[in-house]
Structures are given as structure tokens and as C-alpha cells.
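Asks: For reference, the structure I am asking about is given below.
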Amino acid sequence: MGMTEIAFQKCINLDCGAEFDCGQAMFKCPQCGELLDIRYNWDKIKVPGKLSEFAKRWAGRDNRLDLSGVWRFRELISFCEDKYKVSIGEGQTILQQNDAVAEYVDMQPGSLHLQYEGLNPSGSFKDNGMTAAFSHAKMVGATSSACASTGNTSASVALYAHSCGVKCTVFIGSGRIAFGKLSQAMDYGAQTIQILGDFDDCMRQVQDVCTKLGLYLLNSLNPFRLEGQKTIMYRIIEGLGWDVPDWIIVPGGNLGNSSAFGKAFSELKQLGLIKRIPRMAIINATGADTLTDLVNNKKLLWNDGKIDQKIIDDYYADLTARNFSPHTCASAIEISRPVNLKKCLRAIDICNGIVRAVPDEEIVDAKAIIGKHGLGCEPASAATIAGLKQLRAENIIGADERVACVLTGHPLKDPNVTVNYHKEKQGRFSNMPIEAPNDLDAIIKLIKS
Ligand code: F0G
272 MGMTEIAFQK CINLDCGAEF DCGQAMFKCP QCGELLDIRY NWDKIKVPGK
322 LSEFAKRWAG RDNRLDLSGV WRFRELISFC EDKYKVSIGE GQTILQQNDA
372 VAEYVDMQPG SLHLQYEGLN PSGSFKDNGM TAAFSHAKMV GATSSACAST
422 GNTSASVALY AHSCGVKCTV FIGSGRIAFG KLSQAMDYGA QTIQILGDFD
472 DCMRQVQDVC TKLGLYLLNS LNPFRLEGQK TIMYRIIEGL GWDVPDWIIV
522 PGGNLGNSSA FGKAFSELKQ LGLIKRIPRM AIINATGADT LTDLVNNKKL
572 LWNDGKIDQK IIDDYYADLT ARNFSPHTCA SAIEISRPVN LKKCLRAIDI
622 CNGIVRAVPD EEIVDAKAII GKHGLGCEPA SAATIAGLKQ LRAENIIGAD
672 ERVACVLTGH PLKDPNVTVN YHKEKQGRFS NMPIEAPNDL DAIIKLIKS
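With the sequence shown counted from 1, adding 271 to any position gets you my numbering.
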């Protein structure tokens with residue numbers, strides 16, 4: 272079926288390889304249960320000959336699809352007609368060279384770049400994926416949707432759902448979500464269900480709920496969502512004058528981003544739009560380090576698609592036996608059973624990737640540095656800088672290599688972590704407020720100018 276269509280869905284399991292058209296909404300292969308990819312018949316698409324041609328669309332900002340930092344690249348995510356495309360101006364993000372943060376991680380000036388995905392409409396990178404997934408939802412006529420979330424997915428789903436008239440229910444682990452994100456889900460009108468459990472419990476429940484009630488699932492199991500997230504990489508390349516960096520660094524939670532980034536680079540290379548693929552470092556928090564443990568200690572590999580399932584099964588059986596629940600102050604990535612694990616292993620293979628885990632203390636210190644010298648970010652995003660610092664100390668990344676860190680979420684997403692860090696002098700860079708009497712002279716004495 273795939274050969275006649277521009278885009279089609281294909282099972283990532285090489286022994287199965289089943290193909291389906293894009294007119295169906297599925298979050299796993301109905302034949303074998305594995306993850307699905309969106310594939311394109313590139314010879315049927317007029318892809319621009321050079322990546323720089325996409326930049327010309329900035330000039331046409333009165334066209335809603337050119338205004339979107341996702342749909343500007345529409346030939347590279349060509350699965351639905353324009354009339355279905357849902358957009359609220361997502362993806363207008365920037366890549367900032369930041370020498371002060373570079374100094375913190377012992378890199379040379381000019382080498383470190385921060386990709387601010389917090390500038391999206393709901394304040395996180397998720398909007399790149401939701402614009403694509405909701406476009407597909409409209410294409411297949413979905414009227415009701417759902418997701419499990421550590422917070423940002425729910426905020427983004429709630430915003431996109433009401434902007435295109437689709438109902439949504441979001442599942443969150445009780446007490447496991449930062450306040451900024453919870454406030455968004457409620458304010459944007461999502462039916463919000465707090466489950467007495469963690470994200471992994473919510474993820475299991477939402478799949479069954481969607482199957483039973485026929486709801487459209489918006490987690491990154493949804494292969495259309497990942498198509499939108501590929502554009503984060505296009506914009507990084509754009510920010511570097513259409514050149515690829517040496518390294519991409521990304522936080523690892525449910526592993527949708529890393530999976531999408533690997534796919535983006537492999538397609539760009541296949542199309543001749545880039546000459547080389549950058550390396551990728553995926554950073555977990557030590558309290559939620561399934562990927563790190565599986566890759567670095569259990570030696571789990573993509574292995575040309577022949578993944579050793581027993582390693583994964585044994586690992587998850589042990590988590591269950593120990594009643595393990597992940598814990599990190601970076602609540603966005605507090606996940607121990609990442610649903611995109613296999614696609615992520617493929618991305619590691621494509622990008623010669625590596626994986627590390629960083630402790631919470633390093634995450635909050637890095638966050639304070641990004642706040643003080645950049646536009647700020649939420650804790651999970653700061654794992655990238657903490658990870659880079661570690662990789663510099665190990666000398667795996669050179670001081671003069673060109674690195675782009677994806678700062679996935681806005682600083683206001685999690686005000687509690689920020690206020691506690693500064694107010695209670697928890698870290699090396701705490702910036703405590705100073706109490707002052709209501710008296711001019713006393714106030715003036717306190718001011719360091
Ligand atoms: N950074 C932030 C700010 C996130 O919200 C997430 C994931 C990640 C990183 C990890 O990305 O899953 O692609 O590896 N948040 C999801 C949510 C799980 O429900 O909002 P990933």
C-alpha cells in the first residue's frame with residue numbers, strides 16, 4: 272500500500288514491517304504491537320534542493336503555515352493536506368550562542384548554543400509535536416483525545432485541543448506535576464484526572480482508556496507527533512547558518528525527542544540535504560535512569576532492529592519486583608518505562624549517540640546558570656547542561672566542538688523548584704532575597720551597585 276501514497280505508516284519491527292495508510296489512528300502496530308513510523312515516498316514530494324530555501328518562508332509570515340516554525344518545513348512532514356493543519360504559531364524559537372554557560376561547562380567561547388523551546392505557545396517543545404498530531408487528528412475526524420503526562424504534554428494537548436475543537440482528557444500522577452503545568456491544563460479547559468500513581472501508571476491506563484473508548488492518543492507513541500518534533504533539529508541547523516553541529520544534547524524522558532531527532536537526521540542525510548549527522552547525547556536524571564542503565568550497563572543496542580527483548584523484559588520485571596518508582600526534581604523526565612525506548616535505540620545508532628545520568632544537585636545548579644546568563648528553563652531542560660559538564664569532564668566532548676543543547680521548557684513551568692533553590696540557599700548559585708525594613712537609608716545600605 273505504501274508505494275502509492277506520499278506518506279504511510281510502517282511498523283519498526285523488521286520481522287513484521289507491516290504498512291498502513293495515514294488515514295488510521297493507531298499507537299502500535301495492530302499486527303505485532305511494536306511502534307509505528309511515518310515513512311514518505313520522497314520521489315513523490317517536491318523537497319527543496321537546499322535547506323536554506325525553507326528560510327525564505329519567514330518573509331511570508333501572513334501565511335499561517337509559513338508563520339509556523341513546524342509547517343515552514345512542510346515538505347519534510349508531508350502526511351496531510353493543508354486544510355487539516357492546526358497551527359497556533361508554534362516553533363518560533365531561537366538558537367542562542369551562550370558564552371557564559373559555555374564557560375560554566377569548560378567550553379570555548381562560540382562553541383555552545385542553546386535552543387529555547389520554552390518560547391512555544393504553551394511554553395515547551397511539545398507544541399512542535401501537537402501541531403502535527405492534532406492535524407492528523409482532524410484528518411481522521413477525531414473528536415475526543417487523551418494523554419498521560421508529567422505536565423507539559425497535558426498543557427500542550429489542552430491548548431491545541433480547544434484551539435481546534437477537540438475534547439481532551441489528561442492523566443497525571445497525583446503530586447508528580449509542576450504547578451505551572453497543572454495550572455495550564457486546568458486553565459485551558461482539559462478534563463484533568465489525577466491518578467494515584469506515577470507517570471508510568473498513567474501511561475498504561477491511558478492506552479487502555481483510548482483503546483476502549485476510541486479516543487485519539489497524543490503521547491509520543493503517536494508517530495505523527497514525532498514528525499513535528501523533527502523540526503527542532505531543522506531550526507538548530509538553520510540557527511547555525513544551515514550547518515550541522517557536532518553534538519546535540521537532549522534530556523531523556525519518554526524518549527520521543529531523541530527518537531524524532533535521529534529520524535530527522537537520517538532523512539536529511541538520505542535526501543542529500545546535510546552531509547553529516549551530528550552525535551547525540553541523551554541525558555537522564557539519576558533518579559530515572561532506565562535508558563542509561565540499559566545502554567551503558569546492560570549493553571542494550573539497536574542491533575539492526577534485532578533488539579534483545581529479554582534484557583528489557585528482565586529489567587522491567589525487576590523494577591516491578593522492587594516496586595520501583597522514579598524520583599527526581601526534574602519531574603518532566605521522572606519516567607522509568609520510556610515508551611519510545613526502541614526508536615531511541617535506533618536514534619543512538621543513527622547518531623553514534625551516548626547516554627548519561629546526572630544527579631538533581633547538578634541539574635538545579637545548571638538551571639541557575641542558564642537562568643542567570645540565558646533565558647532560563649525548567650529543571651529537565653537543565654539536565655542537558657549538567658550532562659554536558661560531565662561529558663566535558665570525561666573529555667568525550669572537546670572544548671571547541673560545536674554543541675547545541677535543547678532547552679525543552681520555560682522557567683515558569685516549575686516555580687517551586689526555582690524558589691526553593693534560591694530561597695533556601697540549596698545550591699552554589701542561590702540568589703536569596705534580602706529582607707529590608709521599610710526605611711530609605713536602610714534600603715540604600717543594602718544595595719550593591
Ligand atoms: N523536557 C521536558 C520539559 C519535558 O516535558 C519532557 C517530557 C522531556 C524533556 C522529555 O522528553 O519524553 O521526548 O524524552 N515530558 C513528557 C510530558 C513526558 O508528559 O510532558 P521525551
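Ideal Cβ placement from N, Cα and C applies to all residues, glycine included.
The model shown is predicted, which means the values in this text are computed figures rather than measured ones.
Starting from Gly-499, trace the beta strand (DSSP E) in both directions and tell me its first and last residue.
Replies: Gly-499 -> not in any beta strand (DSSP E); alpha helix (DSSP H) instead, spanning 494-500.
Asks: Hey, could you find the ends of the alpha helix (DSSP H) Ile-625 is sitting in?
Replies: Taken as a continuous stretch (DSSP letters only), Ile-625 belongs to no alpha helix (DSSP H), being part of the beta strand (DSSP E) at 625-629.
Asks: Can you tell me whether Leu-526 sits near ligand 1, meaning its C-beta is under 8 Å from at least one heavy atom of the ligand?
Replies: yes
Asks: Just grab the DSSP bridge partners of Phe-442 for me.
Replies: Ala-419, Ile-464
Asks: Which of the three DSSP states is assigned to Asp-292 in this structure?
Replies: strand
Asks: Taking the beta strand (DSSP E) that Leu-307 falls in, what are its first and last residues?
Replies: Bounds of the beta strand (DSSP E) holding Leu-307 are 307-311.
Asks: Can you give me the Cβ contacts of Lys-540 inside the same chain, cut-off strictly under 7 Å, excluding the 5 residues immediately before and after it?
Replies: Taken in chain order, the residues that qualify are Ile-548.
Asks: Assuming Gly-340 and Arg-506 form a contact by the criterion Cβ under 8 Å, report the distance between their Cβ atoms to the nearest whole angstrom.
Replies: Sure, about 6 Å apart at Cβ, within 8 Å.
Asks: Cα-Cα, which of Ile-448, Phe-470, Leu-430, Thr-440 is closest to Asp-458?
Replies: Leu-430
Asks: How long is the line joining the alpha carbons of Phe-595 and Leu-336, rounded to whole angstroms?
Replies: Between the alpha carbons of Phe-595 and Leu-336 lies a distance of about 44 Å.
Asks: For Cys-351, is the classification buried or exposed, using 16 other Cβ atoms within 10 angstroms of its Cβ as the cut-off for buried?
Replies: buried
Asks: Kindly indicate which three-state DSSP category Val-521 falls into: helix, strand or coil?
Replies: Note: Val-521 maps to strand in three-state DSSP.
Asks: Can the beta-carbon of Glu-509 be found closer than 9 Å to that of Phe-325?
Replies: yes
Asks: Determine whether the beta carbon atoms of Arg-496 and Gly-524 lie at a separation below 9 Å.
Replies: 9 Å or more divides the Cβ of Arg-496 from the Cβ of Gly-524.
Asks: Do you know whose CA, among Lys-299, Gly-288, Asp-286, Ile-309, lies nearest Gln-280's CA?
Replies: Measuring from the Cα of Gln-280, the nearest candidate turns out to be Ile-309.
Asks: Straight-line CA distance for Ala-426 to Asn-493?
Replies: 17 Å
Asks: Whether or not the region 468-478 and the region 375-383 are in contact is what I'm after, with contact meaning three or more pairs of Cβ atoms, one per stretch, closer than 8 Å; do they touch?
Replies: no
Asks: Under 9 Å, do Ala-556 and Ala-601 count as touching if we go by C-beta distance?
Replies: Their beta carbons are under 9 Å apart, which means Ala-556 touches Ala-601 by this criterion.
Asks: In chain order, what residues of the same chain have a beta carbon less than 7 Å from the beta carbon of His-598, not counting five sequence neighbours either side?
Replies: These residues qualify, in order along the chain: Gly-558, Glu-605.
Asks: With a threshold of 8 Å, establish whether the CB of Gly-422 neighbours any heavy atom of ligand 1.
Replies: Using a cutoff of 8 Å, the CB of Gly-422 counts as near ligand 1, since one of the ligand's heavy atoms is closer than that.
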